[in-house]
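One structure is given below, encoded as structure tokens.
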Amino acid sequence: ELFDPIVKKLHNGYDPLEKTHPTNLDITKLYNASPDHAMIVACKITARRSLAGVAAGCTCVNRDDKEDAETCVVKALQTLKKAEPWALGQYYPLLGSDTFPEKSGGSSEEEMEMLKAEGVLFDQTHCFDTRDFVQGRGVWRTKDKQLLVYVNKEEHAEFVATGNSIHTVFTNMAKALLGTEKALKADKKHPTDWSKSPALGYITASPSTLGTGMAVQVTIKAPKLAKRPDLAALASNAGLALVEPDGIKGDQVTLLCPSLLGTSEVDTVN
36 ELFDPIVKKL HNGYDPLEKT HPTNLDITKL YNASPDHAMI VACKITARRS
86 LAGVAAGCTC VNRDDKEDAE TCVVKALQTL KKAEPWALGQ YYPLLGSDTF
136 PEKSGGSSEE EMEMLKAEGV LFDQTHCFDT RDFVQGRGVW RTKDKQLLVY
186 VNKEEHAEFV ATGNSIHTVF TNMAKALLGT EKALKADKKH PTDWSKSPAL
236 GYITASPSTL GTGMAVQVTI KAPKLAKRPD LAALASNAGL ALVEPDGIKG
286 DQVTLLCPSL LGTSEVDTVN
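For what it's worth, my numbering labels the leading residue of the sequence shown as 36, then goes sequentially.
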């Protein structure tokens, strides 16, 4: 009685009692994402995931919950890099964290400064739950810096893929999501999965990101569009949002396509 009306309002009338959410990470189904699109300056796709059987990222009541989530997510990422050479990377637990055995005490101050300089380090202000901060939290980053995964920031895992080709960025994201899901299920000691349901898709801490848990942000070079006073309204009519506060910079425009229940990952990108 409380949850369903909220979902309907946030997701354009989607009724979880009557509908089934589609999931589609098949990169061969992309038809509007040319790798050489001249207008595109930069792309970013984020995808949020919560683990089944572990308290949600906004309600983790103790350090053990965070540690369990960290262990599962990092192990899945370590498995992913063995299967996908491009995903070769490293996990940086936050300085002072004692929950990651390979780096007891967390990453070094130098490593934290490096992540901060790159703009990918997070602190308490970015988290729903700040109890036991910094325990169980960190950042996974690939060597080429095209994939980041925040661990226990707002969700158990928040994937961020970046680049200047929407096709490549989505391909990397799809491989990361499917690869970690496969690794979670195949774990011999503690098999698990990303939390999901037929009606609500992937379950996230916020009802606004249910479904794919994904958002697509694209910066395009469009001098004439950037000068239009009605740009925000045009974007809204197209189901997009002008990123604030820096959605317009010179001749460049940054637009966001949010995730909605009833729309698959491929359809969101297309």
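Heads up, the beta-carbon is just placed ideally off N, CA and C, and yes, glycines get one too.
Three-state secondary structure (DSSP) of residue i
i	result
Cys107	helix
Ile75	strand
Lys231	strand
Val42	helix
Phe135	coil
Gly214	helix
Thr55	coil
Gln159	helix
Glu146	helix
Lys268	Here residue 268 turns out to be Ala, not Lys, going by the sequence shown. Three-state DSSP puts Ala268 in a helix.
Ala87	coil
Asn207	helix
Sub-8 Å separation of residue i and residue j beta-carbons
i	j	result
Leu219	Leu296	no
Val109	Val195	no
Ala240	Ser85	yes
Gly141	Gly131	yes
Ala90	Thr215	no
Leu65	Asn305	yes
Ala82	Gly248	yes
Ile255	Val288	yes
Thr56	Ala270	Reading off the sequence, residue 56 comes out as His, not Thr. No. Outside cutoff.
Trp175	Ala87	no
Glu193	Val204	no
Ala104	His191	yes
Glu189	Phe163	yes
Ala261	Ile283	yes
Pro264	Ile41	no
Residues that residue i bridges to, as DSSP identifies them
i	result
Pro128	Gly173
Val288	Ile255 and Ile283
Ala82	Phe194 and Met249
Ala276	Leu291
Val186	Gly173 and Ala192
Tyr6	Outside the displayed range of the chain (36 to 305) lies residue 6, so it cannot be described from this structure.
Tyr237	Lys231 and Gly246
Whole-angstrom C-beta distance between residue j and residue i, which should lie under 8 Å
i	j	result
Arg98	Gly171	7 Å
Cys78	Gly154	At roughly 16 Å, the Cβ-Cβ gap does not stay under 8 Å, so Cys78 and Gly154 are not in contact.
Val301	Asn59	4 Å
Val169	Leu129	4 Å
Leu182	Ala211	6 Å
Cutoff 6 Å; reference residue i; Cβ partners in own chain excluding five residues on either side
i	result
Pro293	Ala250
Leu275	Leu290 and Cys292
Ala122	Leu115, Lys116 and Thr177
Ser139	Asp133
Close-in-space but distant-in-sequence residues of the same chain around residue i (CB under 7 Å, 5 per side omitted)
i	result
Lys231	Tyr237 and Ile238
Thr303	Thr247, Met249, Val251, Cys292 and Ser294
Asn47	Leu295
Leu150	Tyr127, Leu156 and Val174
Pro136	none
Same chain only: Cβ atoms within 8 Å of residue i, ignoring 5 sequence neighbours per side
i	result
Thr165	Gln159
Ala257	Met74, Asp286, Gln287 and Val288
Lys101	Cys95, Thr134, Asp167, Gln170, Gly171, Arg172 and Asn187
Pro226	Leu219 and Lys220
Asp179	Trp121
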